[in-house]
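Everything on this sheet refers to the single structure shown next.
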Amino acid sequence: MKQFFTALGFLTLIPYPKSTDFEGKALGRSMAIFPLVGLLLGVILLLLNSLLSPYLPERLVNIIIIATLIIVTGGLHMDGFVDTLDGIGGGNNKERILTIMRDSRVGAFGAIGLILLLLIKWEALNSIGGETRGAALLLMPVISRGGQVLLTYLSPYARTEGVGRPFADGLDKSALTVAIAITLILSLFLGGLAGIFVAVMAGLFTLWWSRFFIRKIDGITGDVIGALNELLEVMVLFFFAFI
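Its first residue numbered 1267, the sequence shown is counted upward by one per residue in the numbering used here.
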(Lines of atoms letter the chains of each structure in order from A and count residues from 1; the text may use other names and numbers.)
(Lines give C-alpha, C1' and ligand atoms only; values in the text may rest on other atoms or scores of the structure.)
Protein backbone atom coordinates (compact mmCIF):
# COMPACT_ATOMS: atom_id res chain seq x y z
CA MET A 1 0.00 0.00 0.00
CA LYS A 2 2.92 2.36 0.64
CA GLN A 3 3.90 2.22 -3.03
CA PHE A 4 0.31 2.80 -4.09
CA PHE A 5 -0.01 5.96 -2.00
CA THR A 6 3.35 7.24 -3.26
CA ALA A 7 2.21 6.76 -6.85
CA LEU A 8 -1.22 8.20 -6.07
CA GLY A 9 0.27 11.29 -4.43
CA PHE A 10 2.56 12.00 -7.37
CA LEU A 11 0.18 11.23 -10.24
CA THR A 12 -2.99 12.79 -8.84
CA LEU A 13 -4.38 15.39 -6.46
CA ILE A 14 -6.33 12.72 -4.57
CA PRO A 15 -5.62 12.94 -0.80
CA TYR A 16 -3.11 10.45 0.61
CA PRO A 17 -1.75 9.62 4.10
CA LYS A 18 0.67 12.15 5.60
CA SER A 19 3.18 9.36 6.20
CA THR A 20 3.53 8.67 2.46
CA ASP A 21 7.19 8.43 1.37
CA PHE A 22 8.27 10.65 -1.52
CA GLU A 23 12.00 10.35 -0.95
CA GLY A 24 14.74 8.57 -2.86
CA LYS A 25 14.11 5.11 -4.25
CA ALA A 26 10.53 5.05 -2.95
CA LEU A 27 9.56 7.08 -6.01
CA GLY A 28 11.16 4.65 -8.43
CA ARG A 29 9.65 1.62 -6.71
CA SER A 30 6.22 3.25 -6.78
CA MET A 31 6.26 3.11 -10.58
CA ALA A 32 5.33 -0.57 -10.31
CA ILE A 33 1.90 0.63 -9.21
CA PHE A 34 1.42 3.36 -11.84
CA PRO A 35 -1.01 1.23 -13.92
CA LEU A 36 -3.18 0.64 -10.83
CA VAL A 37 -3.41 4.37 -10.24
CA GLY A 38 -4.38 4.56 -13.91
CA LEU A 39 -7.13 2.03 -13.23
CA LEU A 40 -8.42 4.19 -10.37
CA LEU A 41 -8.54 7.17 -12.73
CA GLY A 42 -10.37 5.04 -15.28
CA VAL A 43 -12.95 3.97 -12.71
CA ILE A 44 -13.55 7.63 -11.81
CA LEU A 45 -14.09 8.47 -15.49
CA LEU A 46 -16.38 5.48 -16.01
CA LEU A 47 -18.50 6.35 -12.96
CA LEU A 48 -18.73 9.94 -14.13
CA ASN A 49 -19.84 8.77 -17.56
CA SER A 50 -22.50 6.48 -16.03
CA LEU A 51 -23.84 9.23 -13.76
CA LEU A 52 -24.01 11.98 -16.38
CA SER A 53 -24.95 10.14 -19.58
CA PRO A 54 -28.67 9.74 -18.73
CA TYR A 55 -29.04 13.49 -18.25
CA LEU A 56 -26.59 15.28 -20.54
CA PRO A 57 -25.69 15.11 -24.25
CA GLU A 58 -22.78 12.77 -24.91
CA ARG A 59 -20.58 15.51 -26.36
CA LEU A 60 -20.96 17.56 -23.19
CA VAL A 61 -20.28 14.51 -21.04
CA ASN A 62 -17.05 13.97 -22.96
CA ILE A 63 -15.90 17.53 -22.26
CA ILE A 64 -16.55 16.95 -18.56
CA ILE A 65 -14.63 13.65 -18.67
CA ILE A 66 -11.59 15.31 -20.24
CA ALA A 67 -11.75 18.23 -17.81
CA THR A 68 -12.07 15.87 -14.84
CA LEU A 69 -8.97 13.93 -15.85
CA ILE A 70 -7.01 17.17 -16.13
CA ILE A 71 -8.23 18.38 -12.74
CA VAL A 72 -7.66 15.10 -10.88
CA THR A 73 -4.10 14.80 -12.25
CA GLY A 74 -3.32 18.49 -11.80
CA GLY A 75 -2.58 18.78 -15.52
CA LEU A 76 0.79 17.17 -14.79
CA HIS A 77 1.23 15.29 -18.05
CA MET A 78 -0.43 17.91 -20.21
CA ASP A 79 2.11 20.45 -18.96
CA GLY A 80 4.88 18.07 -19.99
CA PHE A 81 3.29 17.67 -23.42
CA VAL A 82 3.23 21.44 -23.95
CA ASP A 83 6.84 21.91 -22.77
CA THR A 84 8.05 19.04 -24.95
CA LEU A 85 6.43 20.45 -28.09
CA ASP A 86 7.89 23.88 -27.39
CA GLY A 87 11.33 22.36 -26.88
CA ILE A 88 11.31 20.23 -30.02
CA GLY A 89 9.74 22.98 -32.10
CA GLY A 90 12.00 25.79 -30.92
CA GLY A 91 15.33 24.13 -30.20
CA ASN A 92 18.00 22.98 -32.63
CA ASN A 93 20.37 21.30 -30.15
CA LYS A 94 20.24 19.51 -26.80
CA GLU A 95 21.03 22.52 -24.65
CA ARG A 96 18.51 24.76 -26.37
CA ILE A 97 15.76 22.13 -26.27
CA LEU A 98 16.28 21.51 -22.54
CA THR A 99 16.35 25.25 -21.82
CA ILE A 100 13.05 25.82 -23.64
CA MET A 101 11.45 22.85 -21.88
CA ARG A 102 12.32 24.36 -18.52
CA ASP A 103 10.81 27.73 -19.45
CA SER A 104 7.41 28.10 -17.76
CA ARG A 105 6.04 30.20 -20.59
CA VAL A 106 3.89 28.54 -23.26
CA GLY A 107 5.13 28.97 -26.82
CA ALA A 108 3.34 28.72 -30.13
CA PHE A 109 4.12 25.03 -30.67
CA GLY A 110 2.89 24.12 -27.22
CA ALA A 111 -0.29 26.19 -27.47
CA ILE A 112 -1.24 24.82 -30.88
CA GLY A 113 -0.40 21.28 -29.80
CA LEU A 114 -2.50 21.60 -26.64
CA ILE A 115 -5.54 22.80 -28.59
CA LEU A 116 -5.18 19.96 -31.09
CA LEU A 117 -4.67 17.41 -28.32
CA LEU A 118 -7.86 18.42 -26.53
CA LEU A 119 -9.87 18.49 -29.76
CA ILE A 120 -8.59 15.07 -30.82
CA LYS A 121 -9.38 13.54 -27.43
CA TRP A 122 -12.85 15.04 -27.51
CA GLU A 123 -13.63 13.91 -31.04
CA ALA A 124 -12.26 10.43 -30.37
CA LEU A 125 -14.48 10.11 -27.29
CA ASN A 126 -17.43 11.31 -29.36
CA SER A 127 -16.79 8.40 -31.72
CA ILE A 128 -16.70 5.71 -29.03
CA GLY A 129 -19.98 4.18 -27.96
CA GLY A 130 -21.55 0.93 -26.89
CA GLU A 131 -19.60 -1.75 -25.07
CA THR A 132 -16.21 -0.41 -26.15
CA ARG A 133 -16.73 2.91 -24.36
CA GLY A 134 -16.22 1.42 -20.91
CA ALA A 135 -13.07 -0.40 -21.98
CA ALA A 136 -11.68 2.78 -23.55
CA LEU A 137 -12.27 4.90 -20.44
CA LEU A 138 -10.67 2.28 -18.20
CA LEU A 139 -7.70 1.37 -20.38
CA MET A 140 -6.77 4.88 -21.53
CA PRO A 141 -5.14 5.81 -18.19
CA VAL A 142 -3.91 2.27 -17.48
CA ILE A 143 -1.92 1.80 -20.69
CA SER A 144 -0.58 5.35 -20.70
CA ARG A 145 0.76 5.00 -17.13
CA GLY A 146 2.29 1.65 -18.02
CA GLY A 147 4.01 3.36 -20.93
CA GLN A 148 5.55 5.89 -18.56
CA VAL A 149 7.23 3.09 -16.64
CA LEU A 150 8.59 1.42 -19.77
CA LEU A 151 9.96 4.71 -21.11
CA THR A 152 11.66 5.54 -17.81
CA TYR A 153 13.34 2.13 -17.66
CA LEU A 154 14.51 2.15 -21.28
CA SER A 155 15.95 5.66 -21.37
CA PRO A 156 18.79 7.51 -19.66
CA TYR A 157 17.80 10.73 -17.91
CA ALA A 158 18.94 13.79 -19.84
CA ARG A 159 19.35 16.11 -16.85
CA THR A 160 21.43 15.77 -13.70
CA GLU A 161 18.33 16.79 -11.73
CA GLY A 162 14.62 17.24 -12.31
CA VAL A 163 11.20 15.95 -11.28
CA GLY A 164 11.69 12.65 -13.07
CA ARG A 165 15.25 12.00 -11.91
CA PRO A 166 14.36 10.16 -8.66
CA PHE A 167 11.99 7.90 -10.61
CA ALA A 168 14.68 7.06 -13.15
CA ASP A 169 17.26 6.38 -10.44
CA GLY A 170 14.95 4.24 -8.31
CA LEU A 171 13.20 2.20 -11.00
CA ASP A 172 14.53 -1.35 -11.26
CA LYS A 173 13.71 -4.38 -13.39
CA SER A 174 11.38 -5.91 -10.80
CA ALA A 175 9.25 -2.75 -10.64
CA LEU A 176 9.14 -2.63 -14.45
CA THR A 177 8.09 -6.29 -14.61
CA VAL A 178 5.25 -5.71 -12.15
CA ALA A 179 4.05 -2.61 -14.02
CA ILE A 180 4.09 -4.35 -17.41
CA ALA A 181 2.35 -7.43 -15.99
CA ILE A 182 -0.39 -5.32 -14.42
CA THR A 183 -0.85 -3.38 -17.66
CA LEU A 184 -1.15 -6.50 -19.80
CA ILE A 185 -3.44 -8.34 -17.37
CA LEU A 186 -5.78 -5.36 -17.10
CA SER A 187 -5.67 -4.87 -20.88
CA LEU A 188 -6.71 -8.48 -21.44
CA PHE A 189 -9.33 -8.51 -18.69
CA LEU A 190 -10.93 -5.18 -19.64
CA GLY A 191 -10.43 -5.17 -23.40
CA GLY A 192 -9.83 -8.75 -24.47
CA LEU A 193 -7.54 -9.31 -27.44
CA ALA A 194 -8.24 -5.75 -28.58
CA GLY A 195 -6.90 -4.50 -25.26
CA ILE A 196 -3.74 -6.57 -25.60
CA PHE A 197 -3.25 -5.33 -29.16
CA VAL A 198 -3.44 -1.65 -28.25
CA ALA A 199 -1.17 -2.24 -25.23
CA VAL A 200 1.46 -3.82 -27.48
CA MET A 201 1.14 -0.98 -29.99
CA ALA A 202 1.59 1.49 -27.13
CA GLY A 203 4.72 -0.37 -26.10
CA LEU A 204 6.16 -0.18 -29.62
CA PHE A 205 5.41 3.54 -29.79
CA THR A 206 7.15 3.97 -26.44
CA LEU A 207 10.25 2.27 -27.85
CA TRP A 208 10.27 4.71 -30.76
CA TRP A 209 9.67 7.68 -28.42
CA SER A 210 12.66 6.62 -26.31
CA ARG A 211 14.99 6.32 -29.30
CA PHE A 212 13.81 9.64 -30.72
CA PHE A 213 14.68 11.56 -27.57
CA ILE A 214 17.93 9.70 -27.01
CA ARG A 215 18.97 11.02 -30.42
CA LYS A 216 17.63 14.51 -29.69
CA ILE A 217 18.74 15.18 -26.11
CA ASP A 218 20.61 12.02 -25.06
CA GLY A 219 17.68 10.79 -22.99
CA ILE A 220 14.40 11.81 -21.45
CA THR A 221 13.02 14.30 -18.94
CA GLY A 222 9.89 14.46 -16.83
CA ASP A 223 8.29 16.53 -19.59
CA VAL A 224 9.05 13.86 -22.18
CA ILE A 225 7.45 11.23 -19.94
CA GLY A 226 4.36 13.40 -19.51
CA ALA A 227 4.13 14.00 -23.25
CA LEU A 228 4.23 10.27 -23.90
CA ASN A 229 1.36 9.80 -21.46
CA GLU A 230 -0.82 12.22 -23.42
CA LEU A 231 0.01 10.63 -26.77
CA LEU A 232 -0.71 7.13 -25.49
CA GLU A 233 -4.07 8.28 -24.17
CA VAL A 234 -4.87 9.55 -27.66
CA MET A 235 -3.66 6.29 -29.19
CA VAL A 236 -5.96 4.21 -26.98
CA LEU A 237 -8.96 6.43 -27.72
CA PHE A 238 -8.22 6.34 -31.47
CA PHE A 239 -8.01 2.57 -31.44
CA PHE A 240 -11.34 2.11 -29.67
CA ALA A 241 -12.94 4.72 -31.92
CA PHE A 242 -12.15 2.61 -34.97
CA ILE A 243 -13.05 -0.88 -33.76
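C-beta atoms are modelled at their ideal positions from N, C-alpha and C, and glycine is treated no differently. The structure displayed is predicted, hence computed values, not measured ones.
- prompt: What are the start and end residues of each continuous alpha helix (DSSP H) run of 4 or more residues lying completely inside the segment 1433-1502, in chain order?
  reply: 1439-1483, all fully within the segment 1433-1502.
message: Taking 7 Å as the limit between beta carbons, can you name the residues of its chain near L1312, skipping five residues before and five after?
response: Locating residue 1312 in the sequence shown gives position 46, where the first residue counts as 1. Cβ within range, chain order: G1400, L1403, L1404.
query: Got a sec? Which residues, its chain only, sit under 8 Å from V1338 by beta carbon, not counting five neighbours each side?
result: On the sequence shown, residue 1338 is found 72 positions in, with the first residue counted as 1. Taking V1338 as the centre and dropping the five residues before and after it, the same chain places the C-beta of T1278, L1279, I1280, L1307, I1310 closer than 8 Å to its C-beta, in chain order.
query: Is it buried or exposed for M1344, if we count other Cβ within 10 angstroms and need 16 for buried?
result: Locating residue 1344 in the sequence shown gives position 78, counting from the first residue. The residue is buried, with at least 16 neighbouring Cβ atoms inside 10 Å.
query: Would a C-beta distance cut-off of 8 Å place D1349 and D1489 closer than the cut-off?
result: Position 83 of the sequence shown, counted from the start, is the residue given in the question as residue 1349. Position 223 of the sequence shown, counted from the start, is the residue given in the question as residue 1489. Cβ atoms of D1349 and D1489: closer than 8 Å.
field: Nearest-angstrom Cβ-Cβ length linking L1503 and L1380, presumed shorter than 8 Å
entry: Numbered from its first residue, the sequence shown carries residue 1503 at position 237. Numbered from its first residue, the sequence shown carries residue 1380 at position 114. The distance from the Cβ of L1503 to that of L1380 is about 16 Å, inconsistent with a contact at the 8 Å cut-off.
message: What does the alpha-carbon distance come out to for the pair G1413 and V1327?
response: As a first step, residue 1413 is located in the sequence shown; it is residue number 147 there, counting from the start. As a first step, residue 1327 is located in the sequence shown; it is residue number 61 there, counting from the start. Rounded to the nearest angstrom, the two C-alpha atoms are 27 Å apart.
For L1384 and F1508, the rounded distance between their alpha carbons: The count along the sequence shown starts at 1 and reaches residue 1508 at position 242. The count along the sequence shown starts at 1 and reaches residue 1384 at position 118. Going from the Cα of F1508 to the Cα of L1384 covers about 18 Å.
- prompt: Where does the unbroken alpha helix (DSSP H) through F1288 begin, and where does it stop?
  reply: As a first step, residue 1288 must be located in the sequence shown, where it is residue number 22. No alpha helix (DSSP H) holds F1288; DSSP gives it neither H nor E.
- prompt: From which residue to which residue does the alpha helix (DSSP H) around N1392 run?
  reply: Numbered from 1 along the sequence shown, position 126 holds the residue referred to as residue 1392. Segment 1374-1392, the alpha helix (DSSP H) holding N1392.
- prompt: What three-state label does DSSP hand Y1321 in the structure shown?
  reply: On the sequence shown, residue 1321 is found 55 positions in, with the first residue counted as 1. It is coil, neither helix nor strand.
- prompt: Apart from the five residues on each side of it in sequence, which residues of its chain come closer than 6 Å, Cβ to Cβ, to S1296?
  reply: Position 30 of the sequence shown, counting from 1, holds the residue named residue 1296. Around S1296: Q1269, T1272, A1273.
message: So, for S1393: in the same chain, excluding its five sequence neighbours on each side, which residues have a beta-carbon less than 6 Å away from its beta-carbon?
response: Here the question's residue 1393 lines up with position 127 in the sequence shown. Cβ within range, chain order: A1507.
query: To which residues does DSSP link Y1423 through a beta bridge?
result: The residue labelled residue 1423 in the question sits at position 157 within the sequence shown. Answer is I1486.
query: Can you name, in chain order, every residue of its own chain whose Cβ lies under 6 Å from the Cβ of S1410, other than the five neighbours on each side?
result: By 1-based counting over the sequence shown, the position of residue 1410 is 144. Taken in chain order, the residues that qualify are N1495, L1498, E1499.
message: By the DSSP assignment, the alpha helix (DSSP H) with T1350 in it spans what residues?
response: Numbered from 1 along the sequence shown, position 84 holds the residue referred to as residue 1350. Unbroken alpha helix (DSSP H) run through T1350: 1342-1356.
- request: In angstroms with no decimal places, state the Cα-to-Cα distance between L1305 and I1448.
  value: Counting from 1 along the sequence shown, the entry for residue 1305 is found at position 39. Counting from 1 along the sequence shown, the entry for residue 1448 is found at position 182. Approximately 10 Å between the Cα atoms of the pair.
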